[in-house]
DNA sequence: TTGCAAGAGTTGTCTGACAACTCTTAACAT
DNA sequence: ATGTTAAGAGTTGTCAGACAACTCTTGCAA
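Residue numbers (my numbering), protein chains in the order written: chain A, 142 to 365; chain B, 142 to 365.
As structure tokens, then:
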């Protein structure tokens, strides 16, 4: 099994709640003593798992009263249709946001980048491609690539916002195994993107980035 | 003080790291024994705080090695909570963000809003118009209007962006002499927007909102 | 030089205890 | 009869100490 015991416990609890209909939204969980015995972990470990689920909005803890399944859980299920996750619902939201910003950001960057910045963008793009070809981990290179593009917009808020979205997407992706399929599309998309950047064609860059986003969403089974 | 001790500890740690320059991104924290003594809490409480910050992307924990400040801390800053200050000078950046955001949001909302949500949007739009006509302060009404639209996208992360966007709106409206002409444009733009919302025409709503954004930026002397 | 083992440093988990909070219920005063 | 208070049960919050598991370095031996 992967990860901490508290991590595993959180996932187990999550499955019990949302996948199987063990508890309905609004229901109260057994108290921590009983639940920890039932799950075969210590109370401390269970508490860490509960905290994680609380931060994900799955559970609500009220001191002196108990721990409850959040009413929001049901709503998340409606969207993503699915058994596997609230993660999928969140993933769709994230990509939707990303698909909104990245193409326009690419266009702006293409129009505003200084000579130096453009060179950096192209260089980082090449590095990312190299990583994919050689089968190395492209996470860092890809992040740097997108960060360089965002930086070239000279827009402070974009620079703050997009890394956050990117990071969230990343953690979501790591929890699945879509990375393999994505790599091939990414290679093609990047080539397209680089072409328009080299030509300094904002409209082209915008469309190329939009295609990149659509490919990513398609591969992950997310619908527009 | 508010909240759990672990909550407080998390916030205290957060402030020490991002606000004051106690540690740089990538630095290693003292081990849990020392740190818990230094902060005056038990190790269990400290661990809950650390876990919370880990899930926010502020810290990274590596078993057997230690706990480190994430390299992305600087970027994560103002997202979840935390007030956005020094906004005034960055009006262009904010509106640029908004100009990307709002039109697509309008389109999504138009396509996804439930009957109830659509009624709320239209009602709030009418209220805003009324405010303008009667010369009353329309800040709150306008904010509610846009908030209702964002809510109708059913996208959690868009809603999280709302407070940031809201500040831009507020600053823009408060900033004085533009208010007069802006009000007239807003009246026309809203009418256009409402027309397409009533028809449930996403493309129309998107363009109408885009026009609204362009007018606002133009009136405020912001260049694209 | 290379490989391996021991050790120090660190986070992960367990156990048991008590404090603090919430809600119910029963006793009490009016 | 009614409103108020106090006690008690149920629950989460915090603490302390111990040991397990993992990571990296250092020194020794082949």
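By construction, the Cβ of each residue, glycine as well, lies at the ideal position given by its N, Cα and C atoms.
Within chain B, not a single residue places a beta-carbon under 9 angstroms from that of residue 174 of chain A; the smallest gap is close to 16 angstroms. Residues of the region 167-195 of chain B whose Cβ lies closer than 7 angstroms to any Cβ of chain A, in chain order: 185, 189, 192, 193. Taking 7 angstroms as the cut-off, the Cβ atoms of residue 195 of chain A and residue 170 of chain A do not count as close. Look at residue 335 of chain B: its C-beta is not under 7 angstroms from any C-beta on chain A. Check the Cα spacing between residue 288 of chain B and each of B:273, B:266, B:272: the tightest is with B:266. Exclusion of the five residues before and after residue 259 of chain A leaves 293, 338, 341 as the residues of its chain whose Cβ lies within less than 8 angstroms of its Cβ. The beta carbon of residue 328 of chain A sits no closer than 7 angstroms to any beta carbon of chain B. Residue 347 of chain A: member of the alpha helix (DSSP H) spanning 343-360, first to last residue. Membership of residue 256 of chain B in the alpha helix (DSSP H) is indicated by the continuous run 256-274.
Nearest to residue 166 of chain B by alpha-carbon distance, out of B:183, B:211, B:175, is B:211.
Proximity of residue 154 of chain B to chain A, defined by a Cβ-Cβ separation below 7 angstroms, is not satisfied. Residue 189 of chain A: member of the alpha helix (DSSP H) spanning 184-196, first to last residue. Cβ-Cβ separation between residue 185 of chain B and residue 185 of chain A: approximately 6 angstroms, consistent with a contact (criterion under 8 angstroms). Within the same chain, Cβ atoms closer than 6 angstroms to the Cβ of residue 244 of chain A are found at 347, 350, 351, the five residues on either side in sequence being excluded. With respect to chain B, the C-beta atom of residue 283 of chain A has no partner C-beta closer than 7 angstroms. A Cβ-Cβ separation of about 5 angstroms places residue 298 of chain A in contact with residue 238 of chain B under the 8 angstroms criterion. Using a Cβ distance threshold of 7 angstroms, residue 187 of chain A and residue 176 of chain A count as a contacting pair. Beta-carbon to beta-carbon, residue 263 of chain B and residue 335 of chain B are separated by about 6 angstroms, close enough to satisfy the 8 angstroms threshold.
Counting every other CB atom within 10 Å of its CB across the protein chains shown gives residue 254 of chain B a total of 16 or more, marking it as buried. Partner residues in a beta bridge of residue 164 of chain A, as assigned by DSSP, do not exist. For residue 245 of chain B, the chain A residues whose Cβ falls inside 8 angstroms of its Cβ are 241, in order along the chain. Looking at the DSSP output, residue 200 of chain B sits in a beta bridge with B:210. Under the Cβ distance rule, residue 303 of chain B does not count among the residues neighbouring chain A, no pair being separated by less than 7 angstroms. Per the C-alpha coordinates, the member of B:205, B:172, B:155 positioned closest to residue 198 of chain B is B:155. In summary, residue 174 of chain A is exposed, with fewer than 16 beta-carbon neighbours lying within 10 Å of its beta-carbon over all protein chains present. At a cut-off of 7 angstroms between C-beta atoms, residue 234 of chain A counts as an interface residue with respect to chain B. Across the region 291-302 of chain B, CB contacts with chain A closer than 9 angstroms involve 294, 295, 296, 297, 298, 299, 302, in sequence order along the chain. For the region 339-360 of chain A, the set of residues with a beta-carbon nearer than 8 angstroms to any beta-carbon of chain B is empty. Beta-bridge annotation (DSSP): residue 169 of chain A is paired with A:209.
Non-local beta-carbon contacts of residue 274 of chain A in its own chain, meaning distances under 8 angstroms to residues more than five positions away in sequence, involve 328 in chain order. With a threshold of 16 other beta carbon atoms within 10 Å, residue 353 of chain B meets it and is buried.
Interface annotation for the region 255-271 of chain A against chain B: empty, criterion Cβ-Cβ distance under 8 angstroms. Assignment of residue 293 of chain B by DSSP, reduced to helix, strand and coil, places it in the coil class. The beta-carbon of residue 238 of chain B is placed less than 7 angstroms from the nearest beta-carbon of chain A. The residue among A:344, A:356, A:203, A:306 with its C-alpha nearest the C-alpha of residue 330 of chain A is A:356. Residue 202 of chain A has its alpha-carbon roughly 12 angstroms from the corresponding atom of residue 168 of chain A.
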